[in-house]
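Structure, as structure tokens:
Numbering (the working numbering), first residue to last: -4 to 272.
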């Protein structure tokens, strides 16, 4: 299938139930395949009652088996990440639903057009990041040289670092960050999240060990309430992840509140995903 054609932006906002309703109930038309994706990812339009939006459809049938995640569960994990993101009020993950499509059940997510000139990651010379940047680690840049990989000291990224810690995101790469022209930040590709074992791998280690901002602490307290037995968020996650994974999510929220700090790499496995972007 050919690369996706450009679809003009439509009159659907990137947040709120209207977009999720459109994704869930609209007619899905495949326009092309996103070749860079490791699993089958199809660029589509979805249409309902005169409204149309661009979206990504990832059928369960196109998921590649992974040694550490059960087969056929990645789409549900993507939807679970959206549900947690929505519960935080930060709306970092675009509206995402589980639905039937041309190739069977899969996740369907609103397409986000990233601003091409937004700079959230950089390689810099020296051993310390400059003002407004946080160090990630050193990277080889060829000819035996290394450079310091840094990410922006940005409130939006800091919120995302907290979200990733809650959902236990095992693959936060630079290419998953979609800043938009209106100043918002969206994050995509959460299929390898919510494992019951600690698997956090991310580029966003710049705040590791630092105190959580008061805003994050308040959000975590709200999440703890929603994740409690009988809570609204717990009910939304129950069909998407296992009971053990839901318990582990509760435990991660409790641990973050108990420590009051951003998590640090465990040292048990590579803390940064490869390739990082």
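We put the beta carbon where it would ideally sit given N, CA and C, even for glycine.
{"Item": "Tell me residue 38's beta-bridge partners as DSSP assigns them.", "Value": "27, 51"}
{"Item": "Per the contact definition of three or more C-beta pairs closer than 8 Å, is the region 128 to 138 in contact with the region 181 to 190?", "Value": "no"}
{"Item": "Could you tell me which residues DSSP pairs with residue 181 in its beta bridges?", "Value": "173"}
{"Item": "Alpha carbons only, please: which of 245, 27, 20, 182 is nearest the one belonging to residue 218?", "Value": "245"}
{"Item": "Provide the residue span of the beta strand (DSSP E) that contains residue 252, from first to last.", "Value": "Premise fails: residue 252 lies in the alpha helix (DSSP H), 238 to 254, not in any beta strand (DSSP E)."}
{"Item": "Short of 8 Å in beta carbon distance, which residues of its chain neighbour residue 8, apart from the five on each side in sequence? Order them along the chain.", "Value": "Residue placement at residue 8 is flagged as unreliable, the pLDDT there being 49, under the threshold of 50; the coordinate-derived value follows with that caveat. Excluding positions up to five away in sequence, the list reads 14."}
{"Item": "Could you tell me whether the Cβ atoms of residue 115 and residue 146 are closer together than 8 Å?", "Value": "yes"}
{"Item": "Is residue 248 near residue 228, with beta carbons less than 8 Å apart?", "Value": "no"}
{"Item": "Round the Cβ separation of residue 93 and residue 70 to the nearest angstrom and send it over; I've been treating them as touching at under 8 Å.", "Value": "6 Å"}
{"Item": "Where are the beta strand (DSSP E) runs, 3 residues long or more, that stay fully inside the region 91 to 138, in chain order?", "Value": "91 to 94, 101 to 105, 116 to 119, 128 to 137"}
{"Item": "If you draw a straight line from the C-alpha of residue 121 to the C-alpha of residue 141, how long is it?", "Value": "9 Å"}
{"Item": "In this structure, how does DSSP classify residue 43 when only helix, strand and coil are distinguished?", "Value": "strand"}
{"Item": "Quick check: what's the CA-CA separation for residue 155 versus residue 100?", "Value": "28 Å"}
{"Item": "Pick helix, strand or coil for residue 68, following the three-state DSSP scheme.", "Value": "coil"}
{"Item": "Check whether the region 248 to 261 touches the region 199 to 213, taking contact to mean three or more Cβ pairs, one atom from each stretch, closer than 8 Å.", "Value": "yes"}
{"Item": "Looking only at C-alpha atoms, which of 73, 112, 231, 260 sits nearest to residue 194?", "Value": "260"}
{"Item": "Would you grab the beta carbon distance between residue 42 and residue 22 for me? Rounded to a whole angstrom, and I think it's under 8 Å.", "Value": "5 Å"}
{"Item": "Quick one: residues in its chain with C-beta nearer than 8 Å to the C-beta of residue 133, no 5 flanking neighbours on either side, listed in chain order?", "Value": "141, 142, 143, 144"}
{"Item": "For residue 209, which of helix, strand or coil comes out of DSSP?", "Value": "helix"}
{"Item": "At a cut-off of 7 Å, would you count residue 72 as near the ligand SAM, judging by its Cβ distance to the nearest heavy atom?", "Value": "This structure lacks the ligand SAM; in fact it carries no ligand of any kind."}
{"Item": "Starting from residue 143, follow its DSSP beta bridges and name the residues at the other end.", "Value": "119, 133"}
{"Item": "Measure the Cβ-Cβ separation of residue 109 and residue 173 and say whether it is below 8 Å.", "Value": "yes"}
{"Item": "Using a Cβ distance threshold of 8 Å, determine whether the region 165 to 180 contacts the region 223 to 243, with at least three qualifying pairs required.", "Value": "no"}
{"Item": "Where residue 80 and residue 160 are concerned, what is the direct C-alpha to C-alpha distance, given to the nearest angstrom?", "Value": "12 Å"}
{"Item": "Sorted by chain position, which residues of the same chain lie with C-beta nearer than 7 Å to residue 20's C-beta, five sequence neighbours on each side aside?", "Value": "43"}
{"Item": "If you count every other CB in all the chains shown that lies within 10 Å of the CB of residue 124, and 16 or more means buried, which is it?", "Value": "buried"}
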